[in-house]
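Heads up: the sequence lines are chains A and B, in that order. Residue 84 in the numbering used here sits at position 84 of the first sequence, with consecutive numbering throughout. Residue 1336 in the numbering used here sits at position 336 of the second sequence, with consecutive numbering throughout. Inspection log for the structure reproduced underneath, given as structure tokens.
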Amino acid sequence: MKQLLMPTPFMATILVIVALFFAIGGYRLGLWEWEMPGAGLLPFGTALLLLPLIGRVFFERTGTEEPFRLRPLMAVLLLAIYAATLPSLGFIIPTIILITVWIRMLDGLPILTGLAVAVALALTGALTFVVLLQVPMPLVPKFL
Amino acid sequence: MTEALQQIWYGLTLAATPGNLLYALIGSTLGTLVGVLPGLGPVTTIAILLPITYQVGEPLGAMIMLASIYYGAMYGGSTTSILLKVPGEAASVITCLDGYQMARQGRAGPALAIAAIGSFIAGTVSIFALAFVGPAFANFALSFGPPEYFALAVFGLGLSATLSGGSPVRGIVMVLVGVLLGTVGLDTVTGMDRFTFGSLELADGIELVPLLMGMFGLGEILFNLEQKGGFQLLTAKIGRLMPSRKEWRESWPAIGRGSVFGFFIGLIPGGGAILGSLLSYSVEKTLSKEPDKFGQGAIAGVAGPESANNSAASASFIPLLTLGIPGNAVTAVLFAGLLIQNITPGPLMMTQHPDMFWGIIASMYFGNIMLLILNLPMVGLWVQLLRVPFWILGPAVLVISVLGVYSLRNSWFDVYLLIAAGLVGYAFRKASLDPGPLIMAMILATILDTSLRQSLLMGDGNIAIMVTRPLSGIILGVSVLVVAYQFYAHFRGRRPKILDETATN
């Protein structure tokens, strides 16, 4: 089980699921219909070619491979929460919170340093994109 | 000959307007600025900065800026290769071999200078050659039918999968996954929904820019979170910049040869800069009177590959602009940039958008001059950027990515896609799976799909049409031979070590 969580076997397993999804989906879309190649021909054929190659990758050893680390996965979790709050809270507040927490948790720096960098980056980003380039990104929460 | 010169002149008049020169200057500066930051290679740089070009509004200006970003990132990448031994992309690994050794010996200045000058000369030679080769390529491509397009797409993907670095099996896997992802969206032939789950956001296929920015930009940031202690800056002092007379003598022939090799290899879809650099390095080592100095700080080992690298980069615009086939991950990003501007590259681009074609090519020349001016006297300033700590760099890339992706379609879905692609990019990187061939395949999936189905219709359902037509038969035959040889060499341990060791950069 532990071995399955190494990057190569883990990704190979995910890719098998992806290939099967496209193979079944492609077959359902139709391989040959009304005397012409169907919409599912390319995905079906590609998925069939892919499956044995993934099998080969699954057992291929790169020698230098290291397991997934906690820090990037924590960063992804932070990013997921950030993305979920953006539409309702706007850009500024979630960005400041994300970067402060990111720098504190992932880089181990003092919270004030994180806050200073976060405010600077969020304001520079908002000024450049929203004010100068006129991107209609909501900056503040909807209820304000 | 006269016509080509007239076209170059036409391009120069388009590119030399104050507005376009300004875009070239902004692009070169931004490209160098981001490209020099440790851990961010040309693909990542262009992917991060792509949405900024969307704000330019005018297509030629936007593409000039994007091409300049590309060049700038390549120049910036040489700096990190020489001073940090951190190659921004696979092709720069070869520059690291002698460049880093030169820096260790206190010759960082000449190494950086010769990389910049060699790149400038190669870029210039290549741009003029492009003006002559481009129209011939486009005219030839007009005679292509669906089987030829299918064969070319297979050729480009086969080469990029097996020659871009890393294991060829993994390369092919990434290409096939890219083809699958490229089929998502409305089928252009039957109008059927394919793998969209009923989502309107997926009806036009998976949006390329968030995917690129996520896999290359965010994925890189997540991967770098694992690295403890950051990068070791060898020296902040560059010292003497100009090479000595002896170093010049050793460099000139290498620059000349590198420019020529790079150009021809860059013309091949999927050939890429890494092959050009590798070939140049091998030739210089073979021709050298002191081959044992290679790997120990031989300046020809920097001059040749850097020139070949840059020449190939310029030449790779030909398959992109005239065939609509991106030759490597970087040109795949540029392809996305053209699509954002509602321009579909292909054989008709020269007749439908001559201003774009000649304007982009001519602007590369101005971009090269600007980069030489920016890079040589200001190299000390760029070196200071190498000190930017990762705890500022990571969040900064994050902010630019989120805002940049949102700016394209004002869509939160794209922001979610960016973050998901970041996670996938990190996982790919951990598993030594290079996302470059995947992106290329996603772009080429439409060509593959339509040309395969049209060919089958032409051949009354018989796939043999692909090999009975001479040109497509030859292209497919060569593709099979090249890919088969790469597999054979990989399993027999006969591939150049660099190809097996460089995976995702």
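Where a beta carbon is used, it is the ideal one built from N, C-alpha and C, also for glycine. Note that the coordinates shown come from a computational prediction; the quantities given were computed from them, not determined experimentally.
- Between F1150 of chain B and the set A:I14, A:V119, A:L42 and A:L5, the nearest pair of CA atoms involves A:L42.
- As computed with DSSP, P37 of chain A is found in a beta bridge with A:W32.
- In this structure, DSSP gives G1182 of chain B a helical state, which the three-state scheme calls helix.
- Listed by position along chain B, the residues whose Cβ is nearer than 8 Å to that of P72 of chain A are L1222, F1223, L1225, E1226 and Y1426.
- When the alpha-carbon of G1171 of chain B is set against those of B:I1439, B:G1473 and B:M1466, the nearest one is in B:I1439.
- Contact of P1395 of chain B with chain A is assigned, a C-beta pair being separated by under 8 Å.
- Interface residue (Cβ-Cβ distance to chain A less than 8 Å): V1415 of chain B is classified as such.
- Within chain A, no residue has its CB atom less than 7 Å from the CB of K1085 of chain B, the nearest being about 17 Å off.
- At the C-beta level, I1046 of chain B and V1424 of chain B stay beyond 8 Å of one another.
- Counting every other CB atom within 10 Å of its CB across the protein chains shown gives T8 of chain A a total of 16 or more, marking it as buried.
- At a cut-off of 8 Å between beta-carbon atoms, G55 of chain A makes no contact with chain B.
- At least 8 Å separates the CB of S1160 of chain B from every CB of chain A.
- The straight-line gap separating the alpha-carbon atoms of G114 of chain A and T1188 of chain B is approximately 49 Å.
- Restricted to the segment 1088-1144 of chain B, the alpha helix (DSSP H) segments that are unbroken, complete and at least 4 residues in length are 1093-1104 and 1108-1141, listed in chain order.
- Counting C-beta pairs closer than 8 Å gives three or more between the segment 1402-1416 of chain B and the segment 124-140 of chain A, which meets the contact rule.
- Between L106 of chain A and L1097 of chain B, the C-beta gap is not smaller than 8 Å, which leaves the two residues out of contact.
- Exposure of K1246 of chain B is indicated by the presence of fewer than 16 other C-beta atoms within 10 angstroms of its C-beta.
- Taken through DSSP and simplified to helix, strand or coil, R1469 of chain B comes out as coil.
- Around the Cβ of R1453 of chain B, a 10 Å sphere holds 16 or more other Cβ atoms; the residue is buried.
- By alpha-carbon distance to R104 of chain A, the top candidate from B:L1433, B:W1391, B:T1468 and B:I1474 is B:W1391.
- Taking 8 Å as the cut-off between beta carbons, the residues of the segment 1175-1189 of chain B near chain A are L1176, V1177, V1179, L1180, T1183, D1187 and V1189, in sequence order.
- The shortest C-alpha to C-alpha distance from A1129 of chain B to any of B:T1017, B:S1311, B:P1168 and B:G1182 is the one to B:S1311.
- Rounded to the nearest whole angstrom, the CA to CA distance from S1081 of chain B to V1175 of chain B is 28 Å.
- At a cut-off of 8 Å, the C-beta of P37 of chain A has a neighbouring C-beta in chain B.
- The beta-carbon of I1465 of chain B is placed no less than 8 Å from the nearest beta-carbon of chain A.
- The segment 1330-1344 of chain B makes contact with the segment 1429-1445 of chain B, as at least three CB pairs between them are under 8 Å.
- Taking the beta carbon of G125 of chain A as reference, the chain B residues within 9 Å of it are A1396, V1399, I1400, V1402 and L1403, listed in sequence order.
- G90 of chain A has a beta carbon lying at 8 Å or more from every beta carbon in chain B.
- Counting only runs of 3 or more residues that sit fully inside the segment 1231-1302 of chain B, no beta strand (DSSP E) segment turns up.
- Using a 10 angstroms sphere on the CB of A1136 of chain B, the tally of other CB atoms stays under 16, which defines it as exposed.
- Contact check for L1381 of chain B against S1028 of chain B fails: the beta carbons are separated by 8 Å or more.
- Within the segment 1462-1490 of chain B, no residue places its CB atom closer than 8 Å to a CB of chain A.
- Interface with chain B (8 Å Cβ-Cβ cutoff): I99 of chain A is included.
- None of the residues of the segment 1259-1292 of chain B has a beta carbon lying less than 7 Å from any beta carbon of chain A.
- Under the three-state reduction of DSSP, R69 of chain A is assigned to coil, being neither helix nor strand.
- Judged by DSSP in its simplified three-state form, D1193 of chain B adopts strand.
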